[in-house]
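Here the structure is laid out as structure tokens; the discussion comes afterwards.
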DNA sequence: GAATTTTTGATGTACGTAAATCAAAAATCC
DNA sequence: GGATTTTTGATTTACGTACATCAAAAATTC
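Residue numbers (my numbering), protein chains in the order written: chain P, 41 to 385; chain D, 41 to 385.
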């Protein structure tokens, strides 16, 4: 049987109340006594039964998720994962509120953060936009003792506790290496389609992509980045133009969302088999395009992992506990048509 | 506040004891009453507080892991993950026993399964070998009501409850597609190094690799498979011979373990930059080789995920609960030098 | 050494569920 | 309608921790 508080009390020769005072560092214990108890804890290898502790505390963690609105599948998938977490809230002792804000709208996001603050939650998870007013709003939350985790897109200048997302420079590098190697001897320039250069993750991916391309395909020409606002229609228009302007286009790296537009443009023009296309995020559309060969590779961040990780970190921070960084690191997944997970993500 | 058993009792107009009888389907409840209670549960949206339930039951799950001995890093990593799970057993209410058996030894494995049966555990996780006596031993465990999960290597003919491992045909296909595309215009044959064609996962990988290579690099010559017994020394010898015999060798796919030998042979002969090498399993050695460019890509199955998934499935099966197949599916990870996780696996 | 403050002990209740016991009520059988 | 069986109720204890209260003991101050 694993040791309990009673065993510690017996071993240390003190009362249960004193053990409780030490365990929950309540005041009124002499240093000598505290040491005695701590030695007993050590000797017995006691670990607090969290289930029993939570039961006794009947603690719940009120959390707020702030997500962007908008017509792109990845963010809708992220929202779905938050809903799934909500369904688990009874088990996980969380109470999750979701706030939606217009995409790429820093003032609206800052306002939503203020609204979240009004709800006095234990923690807030937010898909960040890199703007000073957002940084200020996050810092205000932290000053109120509210834990903050950035989700998918980080906010490095702020005092956020943690970033639940991928290393986007590395993701861009990965795409660059794949593109360079997949192109092989093929001639022609490579295009890059982003959502918006105002968002940090897109800037980071571009940086990584450029660097890795320079290594794996030195001398290859990169066309100037075009920005599709993560909107399928806009991406379709931009890619169609690129294909028309560059009959020898060898590859396209789409580092943002709105890939339905990319896929549509490639397939409509019949260039899907000759242009090497690498994109981000596994969705039903991108999955189909990967299987048909329109897309050559797909980089992915697991939205479910990110949401679950964010919740774990927020809970830990609310309790003032440390998190194991390595365990909460989100991986950059590479999918080819051959290693797709069976269920549509 | 979320509803409790008391709320159900009040709502249904029955006693607490009756609610308990329904919830834990104990006998002695009329159909009418049972319905009344179930409607109340439904109406209130009651979900059992697992923490409280486990506390009350003070249930533990005795589990047995059967792992092969042998000098290869992957299996040692797997064993380390089981140890890590053992360290968590207080929290997870498990009691894990590990049995070691000689590698590739079916009679010894069957005997270990019998030994596990003698321990009367709730479940057994085993790295399977494809042999009739092993199938029989697994079936005997199942007849005794003991849950069985195969780990890493499956046993399709048996009555095992679940396989915690990757789809190895798909893994081979993934390697084949990568190899075909990475080779690009380069000439020369491609070699395949396996551990043993007697093991199912290696046969599966070879099958997938051949099929995908035929698609992505039609006409490319595949050399006959050589078998290195997952032993670094033997692999080194075999690869050295291959390199000597085929000065124009374009690629090597190592689908088993013992990659230290592969890496050593490539680097010693200075062919590490000209031969495209794809291997399995992320280890400190393969990680270094990927970063230095000796290996071009690495396929991986996350041993930690596999062990944790096996435990979840065994616990669920011991309680007669269903598992969500999709959630327990182990992914085939692709690593390039750019998307390696930060901590050495 | 008396008064004060600090530390410790003893004890009880609560969290939500499991499981057991015994008595009471209701249904069923003949 | 009485005997028997089945169903239901009432109540208690337990799991391991948190937290509060009050009394007793020890240490500290002057």
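Built from N, CA and C at the ideal position, the CB exists for glycine as well.
Quantities reported herein were computed from a predicted structural model and do not represent experimental measurements.
Pair within 8 Å by beta-carbon distance, residue 209 of chain P and residue 292 of chain P: No; because the gap between Cβ atoms is not below 8 Å, this pair is not in contact.
Sub-8 Å separation of residue 370 of chain D and residue 339 of chain D beta-carbons: Their beta carbons are not under 8 Å apart, which means residue 370 of chain D does not touch residue 339 of chain D by this criterion.
Straight-line gap, residue 122 of chain P to residue 182 of chain D (C-alpha atoms, nearest Å): Their backbone Cα atoms lie some 38 Å apart in a straight line.
Within chain P, partners of residue 95 of chain D - CB distance below 8 Å: Within chain P, the residues near residue 95 of chain D are 89, 91, 92 and 95.
Reduced DSSP category for residue 236 of chain P - H, G, I as helix; E, B as strand; rest coil: If DSSP states are grouped into helix, strand and coil, residue 236 of chain P belongs with coil.
Under 8 Å by beta carbon: chain D residues contacting residue 376 of chain P: Result: 214, 217, 218 and 374.
Range of the contiguous beta strand (DSSP E) that encloses residue 147 of chain P: Residue 147 of chain P -> not in any beta strand (DSSP E); alpha helix (DSSP H) instead, spanning 146–158.
Segment limits, beta strand (DSSP E) that includes residue 106 of chain P: Segment 101–108, the beta strand (DSSP E) holding residue 106 of chain P.
Residue-chain proximity (residue 222 of chain P, chain D), Cβ-Cβ < 8 Å: Yes - at least one Cβ of chain D is within 8 Å of the one on residue 222 of chain P.
Residue 361 of chain P, buried or exposed, once every other Cβ within 10 Å from all chains shown has been counted against 16: Of the other Cβ atoms in all chains shown, fewer than 16 fall within 10 Å of the Cβ of residue 361 of chain P; this residue is therefore exposed.
Inter-residue spacing [alpha-carbon to alpha-carbon] between residue 165 of chain P and residue 346 of chain P: Approximately 10 Å between the Cα atoms of the pair.
N-terminal and C-terminal residue of the beta strand (DSSP E) that residue 373 of chain D is part of: Per DSSP, residue 373 of chain D belongs to the beta strand (DSSP E) from 373–375.
8 Å Cβ cutoff, residue 381 of chain D in contact with chain P: At least one CB of chain P lies nearer than 8 Å to the CB of residue 381 of chain D.
Test: residue 371 of chain D CB closer than 8 Å to a CB of chain P: Yes - at least one Cβ of chain P is within 8 Å of the one on residue 371 of chain D.
7 Å Cβ shell around residue 217 of chain D - same chain, five flanking residues per side excluded: Cβ-Cβ distances below 7 Å link residue 217 of chain D to 252 and 256 in the same chain, with the five nearest sequence neighbours on each side left out; the list follows chain order.
Simplified DSSP state of residue 321 of chain P, which is helix, strand or coil: Three-state result, residue 321 of chain P: coil.
Of the residues D/119, D/288, D/286 and D/277, the one placed nearest residue 303 of chain D, counting alpha carbons only: Closest by C-alpha distance to residue 303 of chain D, out of D/119, D/288, D/286 and D/277, is D/277.
Anticipated Cβ contact below 8 Å, residue 106 of chain P with residue 135 of chain P, distance rounded: The beta carbons of residue 106 of chain P and residue 135 of chain P sit about 16 Å from each other, so the pair does not count as a contact at 8 Å.
Backbone CA spacing between residue 190 of chain P and residue 284 of chain D [nearest angstrom]: Distance between the alpha carbons of residue 190 of chain P and residue 284 of chain D is about 54 Å.
Those runs of the beta strand (DSSP E) which lie wholly inside the stretch 256–319 of chain D and span at least 3 residues: With a minimum length of 3 residues, the continuous beta strand (DSSP E) runs that stay inside the stretch 256–319 of chain D are 291–294.
Coil, strand or helix - residue 140 of chain D by DSSP: The DSSP-derived three-state label of residue 140 of chain D is strand.
Chain P contact for residue 252 of chain D (CB, 8 Å cutoff): It does: the Cβ of residue 252 of chain D has a partner Cβ on chain P nearer than 8 Å.
Option nearest residue 141 of chain D by Cα separation, candidates D/83, D/124, D/116 and D/88: Out of D/83, D/124, D/116 and D/88, D/116 has the C-alpha closest to the C-alpha of residue 141 of chain D.
Against chain D: residues of the stretch 116–134 of chain P by CB proximity under 8 Å: For the stretch 116–134 of chain P, the residues whose beta carbon sits under 8 Å from a beta carbon of chain D are, in order, 130 and 131.
Any C-beta of chain P under 8 Å from that of residue 210 of chain D: Judged by the 8 Å Cβ criterion, residue 210 of chain D is in contact with chain P.
Contact the stretch 222–241 of chain D vs the stretch 255–272 of chain D: 3+ CB pairs below 8 Å: Between the stretch 222–241 of chain D and the stretch 255–272 of chain D, the count of C-beta pairs closer than 8 Å reaches three or more; the two stretches touch.
Pairwise C-alpha distance: residue 258 of chain D and residue 230 of chain D: Pairing residue 230 of chain D with residue 258 of chain D, the inter-Cα distance amounts to about 12 Å.
Whole-angstrom distance between residue 261 of chain P and residue 221 of chain D, CA atom to CA atom: Taking the CA atoms as reference points, residue 221 of chain D sits about 21 Å from residue 261 of chain P.
Contacting residues, own chain, Cβ-Cβ under 7 Å from residue 84 of chain P (five flanking each side not counted): Around residue 84 of chain P, the same chain offers 43, 47, 48 and 51 as residues with beta carbons nearer than 7 Å, after the five sequence neighbours per side are excluded.
Under 7 Å by beta carbon: chain P residues contacting residue 42 of chain D: Those are 130, listed as they occur along chain P.
Residue range of the alpha helix (DSSP H) that includes residue 216 of chain P: Start and end: 208–223.
Inter-stretch contact (C-beta, 8 Å, three-pair minimum) for the stretch 137–154 of chain D and the stretch 323–338 of chain D: The stretch 137–154 of chain D, when compared against the stretch 323–338 of chain D, does not touch it at the 8 Å Cβ threshold.
Buried/exposed call for residue 312 of chain P, threshold 16 Cβ in 10 Å: By the neighbour-count definition (other C-beta atoms within 10 Å, threshold 16), residue 312 of chain P is a buried residue.
Residue 59 of chain D versus residue 126 of chain D - alpha carbon distance: Between residue 59 of chain D and residue 126 of chain D, the alpha-carbon positions lie close to 36 Å from each other.
Residue-chain proximity (residue 225 of chain D, chain P), Cβ-Cβ < 8 Å: The C-beta of residue 225 of chain D comes closer than 8 Å to at least one C-beta of chain P.
Between the CA atoms of residue 226 of chain P and residue 359 of chain D - distance to the nearest angstrom: If I take the Cα positions, the gap works out to 57 Å.
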